[in-house]
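Trainee: FYI, full-length UniProt numbering numbers position 140 of the sequence shown as 140, with every residue one higher than the one before it.
Backbone N, C-alpha and C define an ideal beta-carbon position, used for all residues, glycine too.
One structure, pasted below without further comment.
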Amino acid sequence: MSALVDSPTALAADALACGGAAAGGPCDAAPRAAAARAEDEEAAPAAAERRDDVYNAEYNQFMVCGSLFECPAKYAPIKPIGRGAYGVVCPVDAKRTLREVRLLGHLSHENVIALRDIIPPPNGMGSFKDVYLVYDLMDTDLHQIIRSPQPLSEDHVSYFAYQILRGLKYIHSARVLHRDLKPSNLLVNANCDLRICDFGLARVDNQGAPEGCVLTEYVVTRWYRAPELLLSCPDYTAAIDVWSVGCILAELIGRRPLFPGKDYVHQLNLITKVIGSPCEEDIQFVSSEKARRYLRSLPRCPRADFGQLWPGAHPLALDLLSRMLVFDPSRRITVDAALRHPYLAALHDASDEPVAGAAFAFEVPPDMTAERGRELMWEQVLERHPELAGAGGCGGGGGGGGGGGGGGGGAAGGAERAAAAAGEGA
Numbered sequence: 001m002s003a004l005v006d007s008p009t010a011l012a013a014d015a016l017a018c019g020g021a022a023a024g025g026p027c028d029a030a031p032r033a034a035a036a037r038a039e040d041e042e043a044a045p046a047a048a049e050r051r052d053d054v055y056n057a058e059y060n061q062f063m064v065c066g067s068l069f070e071c072p073a074k075y076a077p078i079k080p081i082g083r084g085a086y087g088v089v090c091p092v093d094a095k096r097t098l099r100e101v102r103l104l105g106h107l108s109h110e111n112v113i114a115l116r117d118i119i120p121p122p123n124g125m126g127s128f129k130d131v132y133l134v135y136d137l138m139d140t141d142l143h144q145i146i147r148s149p150q151p152l153s154e155d156h157v158s159y160f161a162y163q164i165l166r167g168l169k170y171i172h173s174a175r176v177l178h179r180d181l182k183p184s185n186l187l188v189n190a191n192c193d194l195r196i197c198d199f200g201l202a203r204v205d206n207q208g209a210p211e212g213c214v215l216t217e218y219v220v221t222r223w224y225r226a227p228e229l230l231l232s233c234p235d236y237t238a239a240i241d242v243w244s245v246g247c248i249l250a251e252l253i254g255r256r257p258l259f260p261g262k263d264y265v266h267q268l269n270l271i272t273k274v275i276g277s278p279c280e281e282d283i284q285f286v287s288s289e290k291a292r293r294y295l296r297s298l299p300r301c302p303r304a305d306f307g308q309l310w311p312g313a314h315p316l317a318l319d320l321l322s323r324m325l326v327f328d329p330s331r332r333i334t335v336d337a338a339l340r341h342p343y344l345a346a347l348h349d350a351s352d353e354p355v356a357g358a359a360f361a362f363e364v365p366p367d368m369t370a371e372r373g374r375e376l377m378w379e380q381v382l383e384r385h386p387e388l389a390g391a392g393g394c395g396g397g398g399g400g401g402g403g404g405g406g407g408g409g410g411a412a413g414g415a416e417r418a419a420a421a422a423g424e425g426a
């Protein structure tokens with residue numbers, strides 16, 4: 001890919017995940033795709049002229065990690081910065097993509113990545129098969145920072161932990177569970193400002209059980225997965241995100257993953273060796289009798305001495321960590337209580353920890369077709385580009401217009417790629 005273009009914004013492509021990653025870093029395990037910078041734009045013209053500009057503009061094509069991207073000519077490629085976990089997406093994932101777009105349109109917080117734009121397709125809904133999402137481009141992520149040789153002071157650790165919890169308080173107040181918190185989904189800029197990204201697995205708290213049960217196995221990277229998820233408990237709560245934050249805090253302190261399990265059994269064994277074996281009272285939340293019998297059969301382990309595990313750590317940091325890494329989710333510290341913990345006293349300010357104005361609600365039929373998914377996604381494009389209403393042979397409903405119903409549906413049923421762009425310079 002080409003070198004950096006001197007301009008104010010950047011485009012990063014990612015399949016069904018938020019953009020941003022370590023600028024200049026190679027493609028690695030962290031889900032990232034590509035970046036490009038946008039050239040300076042002139043003042044926006046009238047709505048009709050903007051629509052003409054969109055569909056008369058030159059669109060460039062370039063390959064990113066083996067996938068074809070077609071974007072307006074104002075976007076110039078920089079370099080690949082990673083690869084998404086869903087490079088080729090099946091129609092069943094359209095609902096996940098749509099939920100993420102709707103959710104990011106609902107959320108607005110300093111510690112949550114912002115969705116700046118959805119780039120319209122070059123020929124209206126008739127060519128609508130790929131999704132390009134515009135995000136802020138951040139400099140790096142916690143995955144890269146933790147594995148770097150750069151020293152992390154106590155101020156670094158507490159500031160990162162505080163920002164994660166501050167953003168999570170806002171997310172949970174919208175009745176949303178992130179469900180995939182891990183260092184590579186926590187983006188950071190040069191000022192150490194942190195933003196939570198990748199809401200592809202997020203869901204509304206207490207939503208109908210069928211979807212939650214189906215997705216449970218795939219929720220959260222195993223190393224950051226709470227015991228209730230490892231035990232396939234369907235009625236999990238916001239406490240799963242708190243467990244993930246505890247794992248991340250421990251990783252910031254120790255500079256290595258706390259529970260790098262190879263499988264479910266190994267993961268549970270690693271957990272009990274650190275926090276101790278759960279007592280009978282601690283496993284009452286487990287709905288499966290088979291799972292409870294398995295827990296009882298595990299070798300009994302005492303709780304490890306956190307001071308010995310992390311001899312140089314701040315005692316208050318270890319106290320907060322011990323309250324996050326609790327086997328029974330009902331006894332785990334809440335986000336609000338964690339923000340009030342003495343370890344974060346120098347940063348905590350209740351008046352500057354906003355909550356969402358309204359709960360997020362999004363429902364789509366479980367049997368949603370690919371064509372209907374395209375229509376709903378097109379509605380999201382129109383919300384950000386109302387000047388395109390009626391363009392490309394597609395009305396507001398997106399019914400039978402576009403490039404011929406069958407062809408359009410086939411395009412949506414192929415691969416849907418999300419692109420992310422930055423509204424800030426790297």
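Given a cut-off of 8 Å on the beta-carbon distance, is the pair residue 428 and Leu186 in contact?
Mentor: A query on residue 428 cannot be resolved here, the shown segment of the chain reaching from 1 to 426 and no further.
Trainee: If contact is defined by three or more beta carbon pairs under 8 Å, each pair taking one atom from either stretch, is the region 137-154 in contact with the region 327-347?
Mentor: In short, these stretches do not touch, since the Cβ pair count stays below three.
Trainee: With Ile118 and Arg384 assumed to form a contact (beta carbons below 8 Å), what rounded beta-carbon distance in angstroms separates them?
Mentor: Going by Cβ atoms, the distance from Ile118 to Arg384 rounds to 5 Å, so yes, they are a contact pair.
Trainee: Would you call Ala36 buried or exposed, if buried means 16 or more other Cβ atoms sit within 10 Å of its Cβ?
Mentor: The pLDDT assigned to Ala36 is 33, lower than 50, so where the model puts this residue is not dependable, and the model offers no usable value.
Trainee: So, for Leu115: in the same chain, excluding its five sequence neighbours on each side, which residues have a beta-carbon less than 8 Å away from its beta-carbon?
Mentor: Closer than 8 Å at Cβ, skipping near neighbours: Val101, Leu104, Gly105, Leu133, Val134 and Tyr135.
Trainee: Tell me, please, which residues DSSP counts as bridged to Arg203.
Mentor: DSSP output for Arg203 lists Leu177 as bridge partner(s).
Trainee: Taking 8 Å as the cut-off, decide whether the C-beta atoms of Phe285 and Cys247 are in contact.
Mentor: Contact: no.
Trainee: Buried or exposed: Arg296, going by 16 or more other Cβ atoms within 10 Å of its Cβ?
Mentor: So Arg296 counts as exposed.
Trainee: Does the beta-carbon of Asn191 have 16 or more other beta-carbons within 10 angstroms, so that it is buried, or is it exposed?
Mentor: Looking at its Cβ environment, which holds fewer than 16 other Cβ atoms inside 10 Å, Asn191 is exposed.
Trainee: Quick check on Lys169: buried or exposed, where buried means 16 or more other Cβ atoms within 10 Å of its Cβ?
Mentor: Lys169 should be labelled buried.
Trainee: Look at the alpha carbon of Pro260 and the alpha carbon of Pro183, and state the distance between them as a whole number of angstroms.
Mentor: Distance between the alpha carbons of Pro260 and Pro183: 13 Å.
Trainee: Could you tell me the alpha carbon to alpha carbon distance between Thr97 and Gly200, rounded to whole angstroms?
Mentor: Those two C-alpha atoms are separated by around 6 Å.
Trainee: Going by other Cβ atoms of all chains shown within 10 Å of its Cβ, with 16 needed for buried, is Lys129 buried or exposed?
Mentor: Its Cβ being crowded by 16 or more others within 10 Å, Lys129 is buried.
Trainee: Classify residue 438 as helix, strand or coil using the three-state DSSP reduction.
Mentor: Because residue 438 is not part of the residues shown, which for the chain are 1 to 426, the question remains open.
Trainee: Which whole runs of the alpha helix (DSSP H) in the region 119-152 are 4 residues long or more, in chain order?
Mentor: Listed in chain order, the complete alpha helix (DSSP H) runs (minimum 4 residues) inside the region 119-152 are 142-146.
Trainee: May I have the straight-line CA-CA distance separating Cys279 from Asn269, to the nearest angstrom?
Mentor: Straight-line Cα distance between these residues: approximately 15 Å.
Trainee: Tell whether a beta-carbon distance below 8 Å holds between Gly276 and Arg255.
Mentor: Not in contact: Gly276 and Arg255 (Cβ atoms no closer than 8 Å).
Trainee: What residue range is occupied by the uninterrupted alpha helix (DSSP H) comprising Ile275?
Mentor: Residues Tyr264 to Ile275.
Trainee: What three-state label does DSSP hand Leu339 in the structure shown?
Mentor: It is helical.
Trainee: Taking the alpha-carbon positions, what's the Ala174 to Glu353 distance?
Mentor: The straight-line gap from Cα to Cα measures roughly 14 Å.
Trainee: Less than 8 Å between the beta carbons of Arg225 and Gln267, yes or no?
Mentor: Contact: yes.
Trainee: For Ala161, which residues from the same chain have a beta carbon less than 6 Å from its beta carbon, with the 5 sequence-adjacent residues on both sides left out?
Mentor: If we look at Ala161 and ignore the five residues flanking it on each side, its Cβ neighbours are Leu249.
Trainee: Rounded C-beta distance between Val242 and Arg332? I'm assuming under 8 Å.
Mentor: Confirmed, Cβ separation roughly 5 Å.
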